[in-house]
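Since the structure comes first, as structure tokens, the remarks are kept for the end.
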Amino acid sequence: MKYILLIYSEEGVWPPDELAVARDESVQLCHELDKQGHYLGAAPLHPASTATCVRVRDGQRTVSDGPYAETKEQLAGYFLIDVASLDEAIRVAASIPGTRRGTTEIRSIIELPGMP
């Protein structure tokens, strides 16, 4: 089953030297998941202040800067994995360095027929 692991954290919560170590650990985790056949993708995201939000209401498009949600924790990155169970997804989420300073949300993917 495919899962997306959404990593949320407060911006600036990682001191630069610890962030570099956490990113190296994340790369290593990606390689481990790949060797096990579970890796589909992963990436950190630029700060929420660089986000652009698009809404369409009654056929009218509205574009605004910044994150849509006003929260302390912002979406910081993701892992896309293919594992046998939610328990395995939880194990992976617990091993993501970002989970140590934030929250990782696990969502199963709905696979639509006809998608490439």
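In terms of the UniProt record's numbering, the sequence shown opens at residue 1 and continues consecutively.
Beta carbons are placed, not taken as given, at the ideal position from N, Cα and C, and that holds for glycine.
Here the structure is a predicted model, which means the values were calculated and not measured.
Beta-ladder partner(s) of residue i, from DSSP
i: Gln-74; result: Ser-9
i: Ser-64; result: Cys-53
Per-residue burial, residue i [other beta carbons within 10 Å of its own, 16 or more giving buried]
i: Leu-86; result: exposed
i: Leu-5; result: buried
i: Ser-108; result: exposed
i: Ile-110; result: exposed
i: Ala-93; result: buried
Coarse secondary structure for residue i, derived from DSSP in three states
i: Ile-90; result: helix
i: Asp-58; result: coil
i: Leu-29; result: helix
i: Arg-107; result: strand
i: Pro-16; result: helix
i: Val-21; result: helix
Residues of its chain near residue i, where Cβ-Cβ distance is below 7 Å and the 5 sequence neighbours each way are ignored
i: Glu-11; result: Pro-47, Ala-48, Gln-74
Same chain only: Cβ atoms within 8 Å of residue i, ignoring 5 sequence neighbours per side
i: Ala-43; result: Gly-77, Tyr-78
i: Cys-30; result: Tyr-39, Ala-42, Phe-79
Proximity below 8 Å, CB of residue i to CB of residue j
i: Ile-96; j: Thr-104; result: yes
i: Leu-45; j: Ile-81; result: no
i: Val-63; j: Thr-52; result: yes
i: Ala-22; j: Gly-98; result: yes
Cβ shell of residue i (< 6 Å), same chain only, five flanking positions each side left out
i: Ala-89; result: Tyr-3, Val-83, Ile-106
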